[in-house]
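Counting from 1, position 189 in the sequence shown corresponds to residue 189 in UniProt numbering; the numbering is continuous, with no gaps. All C-beta atoms in this analysis are idealised placements derived from N, C-alpha and C, irrespective of residue type, glycine included.
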Amino acid sequence: MVDSLRGFFEQINNPDRHLVVLNRDAEYPVRSLLDSMLDGQPVSVSDLDVAEEETDAVALFEDDEILARSTLDELLESVLLINSDLYKTGAIDFEDITLPDVLQGLDEVPFRLRGYPASNKEKLLLISISRVIERIAAETGGGRLRASFQRLSRLNDERGTYAVYETLSNSGVDVHLYGIGDADPSDNLPVTVHTQYLTKHPRLAVSAA
1 MVDSLRGFFE
11 QINNPDRHLV
21 VLNRDAEYPV
31 RSLLDSMLDG
41 QPVSVSDLDV
51 AEEETDAVAL
61 FEDDEILARS
71 TLDELLESVL
81 LINSDLYKTG
91 AIDFEDITLP
101 DVLQGLDEVP
111 FRLRGYPASN
121 KEKLLLISIS
131 RVIERIAAET
141 GGGRLRASFQ
151 RLSRLNDERG
161 TYAVYETLSN
171 SGVDVHLYGI
181 GDADPSDNLP
191 VTVHTQYLTK
201 HPRLAVSAA
C-alpha cells in the first residue's frame, strides 16, 4: 500500500523507452517539435531509415522491441501543433481528445514539469494527458477522480475546463478538486473541494488542466 505521493513515484519501474522517427520525409520540422516537447525528459528521440517501414511514422521502442506505432500526422494533430488555449476555451470536443499510441505507451515513464516558460511544451503534454484521463473517467461513469489546480478559480475562468468538470461531476464520477481556494467550484458543481492540504503542501499543486 502506497502511503504518500513520493512513495507512488518510487514504485514506478521507469522503463527505458525511446522514440524513433522512421523514414522522415515531412517538410515540417517534426523532429525539432518532438525534441522540444521531450527536452529534459527520460525519453530520447532519433531518426532511422528502414526500407520496409512506412514514411513519416514514429515507433516507440523498449530495448529492441517496438511497443507502438503512430504517424507523424497523429502526433501533429493531437499534441505538437495544439495550443493550450484550445483546451481552455473548449474549442476541442471533449469526446474527440485522444493520444497517439506512441505517447500512450509512455504511461510508466515519469515526466518532470519545470517552471514557466521552460515548461511550455511540457505543460501542453500534461494538459493533453489530463484531458484523456478525464474523458476516460467520464466514459466510465463511476469511480473517483482527483485533480489538482494551482488555483481553483481556473474552473470559472476557463470555459472549456469548466465544461469538462461539469460533464464529469454529472456522469457519476466522484470528483475531488485540490488547489488554492480563491474560488469554490462546489457552489455550482457536485464536487468535493480540498484547499487545506494544498496550503500545507504548496509544491504538490500541479495543474491538471
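Less than 8 Å between the beta carbons of residue i and residue j, yes or no?
i      : j      : result
Pro131 : His176 : A small fix is needed here, since residue 131 is Arg in this sequence, not Pro. Going by C-beta atoms, Arg131 is not nearer than 8 Å to His176.
Val173 : Pro185 : no
Leu60  : Val102 : yes
Arg17  : Gly105 : yes
Ala183 : Ser153 : yes
Thr161 : Ile180 : no
Leu86  : Ile92  : yes
Asn14  : Val109 : yes
Phe94  : Thr140 : no
Alpha carbon to alpha carbon, what distance is there between residue j and residue i?
i      : j      : result
Ser128 : Asn83  : 10 Å
Ser36  : Val30  : 10 Å
Ala51  : Tyr178 : 50 Å
Arg69  : Pro42  : 19 Å
Leu76  : Pro190 : 36 Å
Val164 : Asp47  : 37 Å
Ala137 : Leu67  : 25 Å
Asp157 : Glu65  : 45 Å
Ser207 : Arg112 : For Ser207, the pLDDT reaches just 38, beneath the cut-off of 50, and the residue's location in the model is therefore unreliable, although a value from the coordinates is still provided. In a straight line, the C-alpha of Ser207 is about 13 Å away from that of Arg112.
Thr55  : Gln150 : 41 Å
Glu62  : Asp187 : 47 Å
Glu53  : Arg24  : 11 Å
Leu38  : Glu74  : 17 Å
Thr71  : Leu126 : 20 Å
Would you identify the three-state DSSP class for residue i, choosing helix, strand or coil?
i           : result
Asp85       : helix
Gly179      : strand
Leu33       : helix
Ser128      : helix
Arg144      : strand
Phe94       : helix
Arg203      : Because the pLDDT at Arg203 is just 42, under 50, the model does not fix this residue reliably, and the point stays unresolved.
Val193      : strand
Glu108      : coil
Leu152      : coil
Leu60       : strand
Arg43       : The question names Arg, but residue 43 in the sequence shown is Val. In this structure, Val43 counts as coil in the three-state DSSP scheme.
residue 210 : Residue 210 falls outside the range modelled here, since the chain spans only 1 to 209, and no answer is possible.
Leu38       : coil
Leu80       : helix
What whole-angstrom Cβ distance do residue i and residue j have, given they're in contact under 8 Å?
i           : j     : result
Leu19       : Val45 : 5 Å
residue 233 : Ala57 : No answer is possible for residue 233: it lies beyond the span of the chain, which begins at 1 and ends at 209.
Arg135      : Gly90 : No, Arg135 and Gly90 are not in contact; Cβ-Cβ is about 13 Å, not under 8 Å.
Which two residues bound the contiguous alpha helix (DSSP H) that contains residue i?
i      : result
Ala163 : 159 to 169
Val102 : 101 to 104
Would you give the residue range spanned by the beta strand (DSSP E) that residue i belongs to?
i     : result
Val20 : 17 to 22
Glu65 : 65 to 71
Ala51 : Element bounds for Ala51: n/a, residue is neither H nor E.
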